[in-house]
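**Student:** One structure, as structure tokens, below. Some questions next.
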Amino acid sequence: MSANAKHLRNPLKRALGLGSAQSGVGHWWTQRLTAAALAVLGLWFVITVLGLLHADYATAKATVAKPWNALLLIAFSITVFWHAVLGLQVVIEDYVHTRWKEVVSMALIKFLAVLGALASVLAVLRVTLGA
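Taking the working numbering, I'd label the letters of the sequence shown as residues 381 to 511.
Dropping the structure here:
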């Protein structure tokens, strides 16, 4: 950007420091990376679940208890909740116009996502470690 282009900004905008927060691209990339990870992990998850379709409880537990399956299941769970938070954040920012409702909604969504991710990880670890 040339020096003259900066003078085209509204003086009030320059005084208030308004402008790009430089964080939108990071959010966009994170959302795309979690989507790509979910495509791969989701395919693995569907194949694993279909393989367990007519299995008994002991077989399903043994399958989840395998280290690679447990690791991929934990990665899938965390990625699902992370991607959901990113997507819901965009929806709330676009459609909720009351500031306090936006803040409360985001706090509630993040709290529920962390709670869900922790519960999922704990469940996989309990099965894997035999607790």
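Where a beta carbon is used, it is the ideal one built from N, C-alpha and C, also for glycine.
Since this is a predicted model, take the numbers as computed values, not measurements.
Output yes or no for whether 8 Å exceeds the beta carbon distance between A450 and V504.
**Tutor:** In contact: A450 and V504 (Cβ atoms closer than 8 Å).
**Student:** So is T478 buried or exposed if we call it buried at 16+ other beta carbons inside 10 Å?
**Tutor:** Exposed, because fewer than 16 other Cβ atoms sit within 10 Å of the Cβ of T478.
**Student:** Compute the Euclidean distance between the alpha carbons of K481 and A417, then round it to the nearest angstrom.
**Tutor:** Going from the Cα of K481 to the Cα of A417 covers about 31 Å.
**Student:** Do V461 and L421 have their CB atoms nearer than 8 Å?
**Tutor:** For the record, residue 461 in the displayed sequence is Phe; it is not Val. Against a cut-off of 8 Å, the Cβ pair of L421 and F461 comes out as no contact.
**Student:** Please report how far the alpha carbon of A442 lies from the alpha carbon of L502, in whole angstroms.
**Tutor:** In a straight line, the C-alpha of A442 is about 17 Å away from that of L502.
**Student:** Find out if the Cβ-Cβ distance for the pair A438, L432 is shorter than 8 Å.
**Tutor:** No, Cβ-Cβ distance for A438 and L432 is not below 8 Å.
**Student:** Taking the alpha helix (DSSP H) that A438 belongs to, which residues open and close that run?
**Tutor:** That run of the alpha helix (DSSP H) goes Y437 to A445.
**Student:** Roughly how many whole angstroms lie between the Cα atoms of A464 and V476?
**Tutor:** C-alpha separation (whole angstroms): 17 Å.
**Student:** Can you tell me the Cβ-Cβ gap for L430 and V444, rounded? I've got them flagged as a contact below 8 Å.
**Tutor:** Wrong, their Cβ atoms sit about 15 Å apart, outside the cutoff.
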